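Report on the following structure.
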Amino acid sequence: MGITSTSARRRRAVPALAGAVLALLATAVTPAFAAADGSAGRSAAESERAHGATGIPLGISRLAQGPGRDVAITIDDGPDPRWTPQVLEVLRRNHVKATFCMIGTRAQKYPDLVRAIAADGHRLCDHTVDHDVTMDRKPVAYQRQQILDGKAMIEKAVPGVAVSYYRAPGGAFTPDSRAIAAASGMRPLGWSVDPKDWSRPGLPAIVAAVEGKLPRQPTVLFHDGGGDRSETVAALKEYLPWLAAQGYAFTFPARTAP
181 MGITSTSARR
191 RRAVPALAGA
201 VLALLATAVT
211 PAFAAADGSA
221 GRSAAESERA
231 HGATGIPLGI
241 SRLAQGPGRD
251 VAITIDDGPD
261 PRWTPQVLEV
271 LRRNHVKATF
281 CMIGTRAQKY
291 PDLVRAIAAD
301 GHRLCDHTVD
311 HDVTMDRKPV
321 AYQRQQILDG
331 KAMIEKAVPG
341 VAVSYYRAPG
351 GAFTPDSRAI
361 AAASGMRPLG
371 WSVDPKDWSR
381 PGLPAIVAAV
391 EGKLPRQPTV
401 LFHDGGGDRS
411 ETVAALKEYL
421 PWLAAQGYAF
431 TFPARTAP
């Protein structure tokens with residue numbers, strides 16, 4: 181009887197001890213993990229103030245800046261040694277300044293093209309390290325690494341030139357990615373017109389999409405990387421003079437307006 185009773189007490193003690201150990205580990209580990217991704221001990225209001233200190237809203241910019249008939253041209257997924265110079269030449273010929281959303285590894289590989297873009301007066305946008313379209317489903321620490329390392333790769337190519345925007349791959353923003361970008365001085369950047377030139381639907385389809393009913397102060401999405409961009413170059417040659425003839429002024433995406 182004594183042996184049986186002692187064994188029973190031991191069996192009851194094991195789960196209790198295990199629960200206590202797990203509880204201790206939870207309180208010890210959870211704050212450390214949260215601190216690593218920047219959220220430990222910070223309320224939502226405190227986070228808003230931290231991002232607001234940069235003057236950059238967390239909201240996604242989809243409007244061209246300016247008071248009236250303005251349009252912002254944005255170029256994604258480069259730089260590319262074949263297509264970026266051709267896009268730059270078309271922009272130069274039409275006196276257009278655009279915003280180039282660059283992939284960090286490509287900026288690292290082709291720093292001369294990054295410098296050429298900046299030298300022509302275009303604005304720079306961080307499009308992450310390697311354009312992982314699933315990053316919105318990844319941990320916050322991974323999102324931070326993709327955003328901040330991508331920005332650093334672009335900045336290394338052109339020291340002293342601001343990276344003013346952040347565009348999520350595929351437009352898949354998260355509240356965390358927007359907050360990380362804004363806290364780093366980059367406005368989350370979307371678009372309001374997407375001709376899907378990346379899919380190579382043909383020049384007439386691209387032109388029809390961008391010359392259709394335009395929203396107010398549109399931000400238009402094009403690509404200079406990620407594949408054959410001959411249709412994009414051809415569309416820009418046709419589209420930019422058409423916009424000018426319609427009375428549009430070329431500007432950049434809104435950075436600080438709501």
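In the working numbering, the protein residues as written are 181 to 438. Glycine residues also receive a C-beta, built at the ideal position from the N, C-alpha and C atoms. Only a predicted model underlies this, so the values are computations on that prediction, with no experimental measurement involved.
Can you tell me the Cβ-Cβ gap for residue i and residue j, rounded? I've got them flagged as a contact below 8 Å.
i: residue 344; j: residue 367; result: 7 Å
i: residue 304; j: residue 298; result: 7 Å
i: residue 251; j: residue 432; result: Not really, about 10 Å apart at Cβ, beyond 8 Å.
Does the beta-carbon of residue i have 16 or more other beta-carbons within 10 angstroms, so that it is buried, or is it exposed?
i: residue 313; result: exposed
i: residue 223; result: Residue placement at residue 223 cannot be trusted, given a pLDDT of 37 that sits under 50; the coordinates are not used to answer.
i: residue 378; result: buried
i: residue 275; result: exposed
i: residue 292; result: exposed
i: residue 370; result: buried
i: residue 278; result: buried
i: residue 382; result: exposed
Who pairs with residue i in a beta bridge, going by DSSP?
i: residue 430; result: 251
i: residue 244; result: 433
i: residue 280; result: 255 and 304
i: residue 375; result: Partner(s): none; residue 375 has no beta bridge.
i: residue 234; result: DSSP, once it has assigned bridges, lists no residue as partnering residue 234.
i: residue 400; result: 253 and 373
Report all residues from its chain with a CB closer than 7 Å to the CB of residue i; omit the five preceding and five following residues, and keep chain order.
i: residue 361; result: 327, 346 and 368
i: residue 380; result: 408 and 411
Mind checking whether the beta-carbon of residue i lies closer than 7 Å to any heavy atom of the ligand ZN?
i: residue 251; result: Summarising the ligand content, the structure contains no ligands, and the ligand ZN is consequently not present.
Under 6 Å Cβ to Cβ from residue i, same chain only, skipping five residues before and after it: list those, please.
i: residue 375; result: 386, 389 and 390
i: residue 372; result: 242, 395, 398 and 399
Excluding the 5 residues preceding and the 5 following residue i in the sequence, name in chain order all residues of the same chain whose CB lies nearer than 8 Å to its CB.
i: residue 306; result: 281, 282, 284, 327, 330, 331, 334, 343, 345, 346, 347, 361 and 366
i: residue 316; result: 323, 348, 352, 353, 354 and 357
i: residue 436; result: 235, 236, 237 and 367
i: residue 208; result: The pLDDT assigned to residue 208 is 36, lower than 50, so where the model puts this residue is not dependable, and the model offers no usable value.
i: residue 522; result: Look at the range of the chain in this structure, 181 to 438, and you will see that residue 522 is not part of it.
Minimum length 3: unbroken beta strand (DSSP E) runs contained in the region 294–320: For the region 294–320, whole beta strand (DSSP E) runs of length 3 or above, ordered along the chain, are 303–306.
Could you pull out every unbroken beta strand (DSSP E) segment of at least 3 residues lying fully inside the region 330–356, listed in chain order? DSSP runs (the beta strand (DSSP E)) wholly in the region 330–356: 343–346.
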